[in-house]
Amino acid sequence: MSDCIFCKIANGEIPTELVYQDDLVAAFKDANPLTPVHILVVPKKHYENVVDGVPAEVLAAMVHAIDVVTKETGIDKTGFRCITNTGDDAGQSVHHFHIHVMGGRKLDPNAGEG
Ligand code: 5GP
Ligand code: ZN
17 MSDCIFCKIA NGEIPTELVY QDDLVAAFKD ANPLTPVHIL VVPKKHYENV VDGVPAEVLA
77 AMVHAIDVVT KETGIDKTGF RCITNTGDDA GQSVHHFHIH VMGGRKLDPN AGEG
């Protein structure tokens, strides 16, 4: 999508430090972090949300990216939360599928934090 901010970030049109990338996915720090570690993992291709026909290989690549970035930041040891907001009731503000990877402190078990 030509006017999608995450398409532009994931494909290098908007210079952003990527903490991980491969052919299918990119990961970068959230601009407004809610936790000490707050990384967004996105497909390079545009999908609206998690149930927008995302191919299994893309989902697998996203999980691999989560594996890499949590190990790099050390939150694989301390724990982390993955969230994907979908639609209005969940407060999705960027309509390009993304998974929030959040950690680095004790997270509220009753809060979405993302
Ligand atoms: P959502 O509310 O859609 O689940 O999450 C969107 C997230 O994207 C928010 O946490 C917001 O801070 C982040 N975000 C929005 N625009 C940008 C941007 O241009 N760069 C980065 N790095 N993060 C962004
Ligand atoms: Zn997009």
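Residues 17 to 130 (the numbering used here) are what the sequence shown spells out, left to right.
Cβ coordinates follow ideal geometry from the N, Cα and C atoms, glycine included.
Residue range of the unbroken alpha helix (DSSP H) whose run includes residue i
i, result
"I82", "72-89"
Cβ shell of residue i (< 6 Å), same chain only, five flanking positions each side left out
i, result
"M17", "C23, H62"
"T89", "V53"
"C98", "I115, V117"
"V70", "Y63"
Residue i classed as buried or exposed, judged by whether at least 16 other C-beta atoms fall within 10 angstroms
i, result
"I81", "A quick correction: the sequence has Ala, not Ile, at residue 81. Looking at its Cβ environment, which holds 16 or more other Cβ atoms inside 10 Å, A81 is buried."
"I30", "exposed"
"T51", "buried"
Residue(s) in a DSSP beta bridge with residue i
i, result
"Q37", "A42"
"P59", "V41"
"I99", "H116"
"V53", "G119"
Same chain only: Cβ atoms within 7 Å of residue i, ignoring 5 sequence neighbours per side
i, result
"V66", "T100, T102, F113"
"V133", "Nothing about residue 133 can be reported from this structure: the residues present for the chain run from 17 to 130 only."
"V110", "I21, F22"
"G95", "G119"
Range of the contiguous beta strand (DSSP E) that encloses residue i
i, result
"I21", "Note, I21: premise wrong, no beta strand (DSSP E); alpha helix (DSSP H) at 21-26."
Close beta carbons around residue i, own chain, < 8 Å, minus the five adjacent residues each side
i, result
"K45", "E33, V35, H54, I55, L56"
"E73", "L40"
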